[in-house]
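Peer 1: Have a look at this one.
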Amino acid sequence: MNELIPLALQLTQDGFALYGDPMPFDLSVEEFMTYSSDKGMRRFGTISSARGRPVGEIDLDYTPVQLEDTFAEEDQRALAAASA
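Numbering-wise, full-length UniProt numbering puts 4 at position 4 of the sequence shown, and it's gapless, one number per residue.
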């Protein structure tokens, strides 16, 4: 899993490289990199907790869904704070 994070971050950098300076909408590559790595590592934590568990047990585990809901709530709060 540790091999995937650098690839995901590279995709973010490659996306920003398409635009050059000035970046549209004053977007920050550093902010996106921080966001991507934070969310990616948290998702990997959820995935790694499933390793070695029976499939039936994993299917009944709603932790990944709860994690995505938590991400959505965090994003909503961050957007509300940024627009205030």
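In this text, a Cβ means the ideal position worked out from N, Cα and C, and glycines have one as well. Computed from a prediction, not measured in an experiment: that's the story for all the values here.
For threonine 46 versus threonine 34, is the C-beta distance shorter than 7 Å?
Peer 2: Looking up residue 46 in the sequence shown gives position 46. Looking up residue 34 in the sequence shown gives position 34. The answer is no: Cβ separation not under 7 Å.
Peer 1: Mind reading off the beta-carbon distance from residue 101 to serine 36? Whole number of angstroms is fine, and I expect it under 8 Å.
Peer 2: Any answer about residue 101 is impossible in this case: the structure gives the chain only from 1 up to 84.
Peer 1: Within its chain, find whatever has a CB closer than 7 Å to the CB of isoleucine 58; leave out the 5 residues flanking it on each side and keep chain order.
Peer 2: As a working mapping, residue 58 is identified with position 58 in the sequence shown. Same-chain partners within the cutoff: Ala50.
Peer 1: My output table needs one value for glycine 56: the three-state DSSP class, helix, strand or coil.
Peer 2: Start at 1 with the first residue of the sequence shown, and residue 56 comes out as number 56. Three-state result, glycine 56: helix.
Peer 1: May I have the straight-line CA-CA distance separating leucine 27 from valine 55, to the nearest angstrom?
Peer 2: For the purposes of this step, residue 27 is identified with residue 27 of the sequence shown, where counting begins at 1. For the purposes of this step, residue 55 is identified with residue 55 of the sequence shown, where counting begins at 1. In a straight line, the C-alpha of leucine 27 is about 41 Å away from that of valine 55.
Peer 1: When DSSP labels each residue in this structure, what does glutamate 31 get in the three-state scheme?
Peer 2: Along the sequence shown, read from residue 1 onward, the residue named residue 31 stands at position 31. In the structure shown, glutamate 31 sits in a helix (DSSP, three-state: H, G or I).
Peer 1: Please report the Cβ distance between phenylalanine 32 and methionine 23, rounded to the nearest whole angstrom; I am assuming they are in contact, meaning their Cβ atoms lie under 8 Å.
Peer 2: One-based indexing of the sequence shown puts residue 32 at position 32. One-based indexing of the sequence shown puts residue 23 at position 23. With a beta-carbon spacing of about 10 Å, phenylalanine 32 and methionine 23 fall beyond the 8 Å limit used to define contacts.
Peer 1: Of the choices Glu68, Val29 and Asp21, whose alpha-carbon is the least far from that of glutamine 10?
Peer 2: Counting from 1 along the sequence shown, the entry for residue 10 is found at position 10. Nearest option by C-alpha distance: Val29.
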